[in-house]
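In the numbering used here, the protein residues as written are 322 to 641. For every residue, glycine included, the Cβ atom is placed at its ideal position computed from N, Cα and C. All values reported here derive from a predicted model rather than from experimental measurement. Report on the structure given below.
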């Protein structure tokens, strides 16, 4: 396969259970990728080592080098400064003030771009997925955690401190359940997959012990109403957040991505009803709420496109 210089870039998605590295062209096509499981050791240098090894494996398998690629984008599960390469806070990895850019640049001396994974995911959907043609787009990820990416006026919106889109940390209960972010009452502690599992476990519902989220949803779909009730409670909390977003931003479209986005009858349709019933009528009746199109590859694809929207990491620090 012939490749022109910089015809491809690398997109790297760092998740809570795996790292995905993809060779992506300018049309968003993933030509090849490697995936690596992450273990309980989330020390950032361990993750850097995994990424370095996986990147070289992918490049070697496609008969190219870093010089042929030149650009690498990263989707990070936390607040990240692209220019400084600092991961300010990644709660689910227990990372604070991690000098990720410097560590990566030492091993992979390319033009690097860093952004929150949800920002990368909304970019992918905006450029190549269900958000094509939409200038005001919200993409909410529901899975192990809950996050959000925003396209406003056709531009990626990150806010003044790169934190825009922390949907999972909107407060829905005063003095509620404690969250990994250090606060209480966040949507993530009520609406995520693990939150649903915890409530079902706390109730001691028969035949559910040790089940993962996918298995619980299968039982709910088969008619286990007591499980379905807990899922719908989660939907209500997520719905509260969506209503606030709709009322505040007036988006044209809301996309649902992440591990729970495939649950049309138990997640997507109830969310639509909730927003229609509780949102500001003018926008609630018009906003489209639907599943995202690119699935689990969205953050990886979007990461490979970050160079179109944000500033690169400055390697000044990397040389010091």
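- [ ] Enumerate in chain order the residues of its own chain whose CB-to-CB distance from residue 638 is below 6 Å, with the five nearest sequence positions on each side excluded.
- [x] The sequence position of residue 638 within the chain shown is 317, counting from 1. The predicted position of residue 638 is uncertain, since its pLDDT is 48 and thus under 50; no value can be drawn from it.
TODO: Could you tell me which residues DSSP pairs with residue 332 in its beta bridges?
DONE: Numbered from 1 along the chain shown, position 11 holds the residue referred to as residue 332. Note: residue 332 sits in a beta bridge opposite 343, 394.
Task: Proximity to residue 635 [Cα-Cα], best of 435, 383, 534 - done: Counting from 1 along the chain shown, the entry for residue 635 is found at position 314. Nearest option by C-alpha distance: 435.
Open item on the list: Check whether the segment 573-587 and the segment 432-451 are in contact - that is, three or more C-beta pairs closer than 8 Å.
Closed with: yes
Task: Cβ-Cβ separation, residue 374 to residue 358 (assumed contact under 8 Å), whole Å - done: Translated into positions along the chain shown, residue 358 becomes position 37. Translated into positions along the chain shown, residue 374 becomes position 53. About 13 Å; that fails the 8 Å criterion.
TODO: Using a threshold of 8 Å, state whether the C-beta atoms of residue 354 and residue 372 are closer than that.
DONE: Residue numbering aside, residue 354 sits at position 33 when the chain shown is read from its first letter. Residue numbering aside, residue 372 sits at position 51 when the chain shown is read from its first letter. Not closer than 8 Å, so no.
Open item on the list: Quick check on the DSSP output: the alpha helix (DSSP H) that includes residue 468 runs from which residue to which?
Closed with: Stepping through the chain shown from its first residue, residue 468 is reached at position 147. Run containing residue 468: none in the alpha helix (DSSP H); it sits in the beta strand (DSSP E), 467-473.
Open item on the list: Can you list, in chain order, the residues of its chain with a C-beta nearer than 6 Å to that of residue 492? Leave out the 5 residues immediately preceding and following it.
Closed with: Stepping through the chain shown from its first residue, residue 492 is reached at position 171. Counting only Cβ-Cβ distances below 6 Å, and skipping sequence neighbours, we find 506.
- [ ] Give the straight-line distance between the Cα atoms of residue 337 and residue 546, rounded to the nearest whole angstrom.
- [x] Residue mapping note: residue 337 aligns to position 16 of the chain shown, counting from 1. Residue mapping note: residue 546 aligns to position 225 of the chain shown, counting from 1. If I take the Cα positions, the gap works out to 30 Å.
Task: Sub-8 Å separation of residue 559 and residue 463 beta-carbons - done: Reading the chain shown from its first residue, position 238 is the one you call residue 559. Reading the chain shown from its first residue, position 142 is the one you call residue 463. Against a cut-off of 8 Å, the Cβ pair of residue 463 and residue 559 comes out as a contact.
TODO: Give me the Cα-Cα distance between residue 433 and residue 528, rounded to the nearest whole angstrom.
DONE: If you number the chain shown from 1, residue 433 lands on position 112. If you number the chain shown from 1, residue 528 lands on position 207. Computed Cα separation, rounded: 48 Å.
Task: Beta-carbon proximity list for residue 510, same chain, < 6 Å, skipping 5 on both sides - done: For the purposes of this step, residue 510 is taken as the residue at position 189 of the chain shown. So the qualifying residues of the chain are 498, 500, 516.
Open item on the list: If the criterion is Cβ atoms closer than 8 Å, does the pair residue 390 and residue 397 meet it?
Closed with: Locating residue 390 in the chain shown gives position 69, counting from the first residue. Locating residue 397 in the chain shown gives position 76, counting from the first residue. The answer is no: Cβ separation not under 8 Å.
Task: Minimum length 3: unbroken beta strand (DSSP E) runs contained in the segment 366-410 - done: 392-397, 400-402
Task: Buried or exposed (CB count within 10 angstroms, at least 16 for buried), residue 533 - done: Along the chain shown, one-based indexing puts residue 533 at 212. Exposed: under 16 other Cβ atoms inside 10 Å.
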